[in-house]
Amino acid sequence: MKIFSFKTKDGVPRLGTFWHDNEVIDILEADEKLPKPKFEKVREMKDLIELGESGLKDLQEFITELKDISEKENEIFQKIKSNSFYPLAEIEFLPPLRNPQKIICLGRNFAEHAKEGGKEPPKNPMIWGKFNSAIIAHQENIVLPKISKTVDVEIELVAVLSKKGKHIPEEEALNYVFGYTIGNDVSARDFQYTDKQFTRSKTMDTFAPLGPWIVTRDELPDPQDLEMELTVNGKTWQKSNTKNMIFTVAYIIYYLSKSFTFEPGDLIFTGTPSGVGHYQKPPSYLKEGDIVKLTIENVGTLENPVIKEN
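Each number in the working numbering corresponds to the 1-based position in the sequence shown with 693 added.
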């Protein structure tokens, strides 16, 4: 199931899923109209994630109940639909999660990406973090900061953690995943190399596009065999498969959980393949007017236009 945050003309944040390809449901609004509401304590995505397996089960039952009402009680269904359903063209996506406690990023988790930068593949996961303030939504603008002339992009599969855990066994690690989304690790390469560390260069405002939605884990039981591609203005920069990761999603969770406790809603950017603009010949960087598209098989497409900072 695809779950996302969105708003309509009234600007109110809502929690949604698809009814049909071009029609979305405001989950909480529709749930209130059911005989026995399931999400009375849910106000945003993080609340739903914190429900864990029971929340996913309730979502499936919620959709099943709506379908049953649509087939057997059309008048009731039309009343629910009039207040809770929206054409896809009329909504604006918000970031799936706005305030995760942790945004953990992996470096050089694809051997070819390490090699294109003249580095050896790491023997252990190489990590740093992004700030919540960098998160933007599908179709929101990536803003080129005045201080950088070498802004680059990186496609990444992002794991969304579902429950609290520390010292998580590798064989159980995927059970701690709520679902997966797409992340763009936007990077100011000039600051990445002059700072001698990654944090500032990779967490400037708008440098963490995320979305459009979260695909729940039951739909992606194997995150290690997904085609992935990043294009800029239709030209392919990066193309690979998650099977080429050095460290799997399960291993990353196991490894990191030895150091700190995961919480529901934590995000892990799992690394990017080769082809980034900085290592092209000649190097390529984002410019105003560019359109960046990131597509991961069975997840979706994250698209963001590029503008200059005023």
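We put the CB at the ideal spot given by N, CA and C, even for glycine.
No experiment lies behind these values; they were computed from the predicted model shown.
Three-way DSSP call (helix, strand, coil) for residue i in this model
| i | result |
| --- | --- |
| F900 | coil |
| Y779 | strand |
| H971 | helix |
| A881 | strand |
| T892 | helix |
| V942 | helix |
| H806 | helix |
| E920 | strand |
| M694 | coil |
| K951 | coil |
| T929 | strand |
| I720 | helix |
| L752 | helix |
| G858 | strand |
| N693 | Since the displayed the chain opens at 694 and closes at 1003, residue 693 lies outside it and no answer follows. |
Strand pairing of residue i, partner residues [DSSP]
| i | result |
| --- | --- |
| A852 | Y873, I961 |
| R707 | F699 |
| N997 | V985 |
| W906 | In the DSSP output, where bridge partners are listed per residue, W906 has none listed. |
| M819 | G800 |
| F786 | F699 |
| L837 | K1001 |
Contact under 8 Å by Cβ, residue i with residue j
| i | j | result |
| --- | --- | --- |
| P793 | N825 | yes |
| V942 | I907 | no |
| V851 | T963 | yes |
| D959 | K795 | yes |
| D751 | F732 | yes |
| R910 | G970 | no |
| I829 | M921 | no |
| I945 | P818 | yes |
| F778 | P905 | no |
Cut-off 8 Å between Cβ atoms - residues of its own chain near residue i, not counting five sequence neighbours on either side
| i | result |
| --- | --- |
| N991 | V908, E912, L913, L919 |
| G822 | K795, I796, I797, C798, T892, T896 |
| N834 | T899, N997, P998, V999, I1000 |
| N1003 | none |
| K808 | P814, S967 |
Residues near residue i in its chain [Cβ-Cβ closer than 6 Å; skip 5 each side]
| i | result |
| --- | --- |
| E743 | P957 |
| Q931 | I848, L923, P966, G968 |
| N877 | V846, P902, L987 |
Minimum C-alpha distance to residue i - residue among the options
| i | options | result |
| --- | --- | --- |
| R711 | V735, E809, F786 | What sits at residue 711 in the sequence shown is Phe, not Arg. Ranking V735, E809, F786 by Cα distance to F711 puts F786 first. |
| K951 | H860, N934, R893 | H860 |
| N715 | S763, E783, F755 | E783 |
| V870 | A901, I961, D724, K812 | I961 |
| K857 | A723, I989, G745 | G745 |
| P780 | Y947, P818, F699, I762 | F699 |
| E863 | D719, M738, F940, T994 | F940 |
| G982 | G927, N776, M938, E737 | G927 |
7 Å CB neighbourhood of residue i in its chain, flanking five on each side removed
| i | result |
| --- | --- |
| K816 | none |
| Q832 | F786, E996, N997 |
| L727 | E758 |
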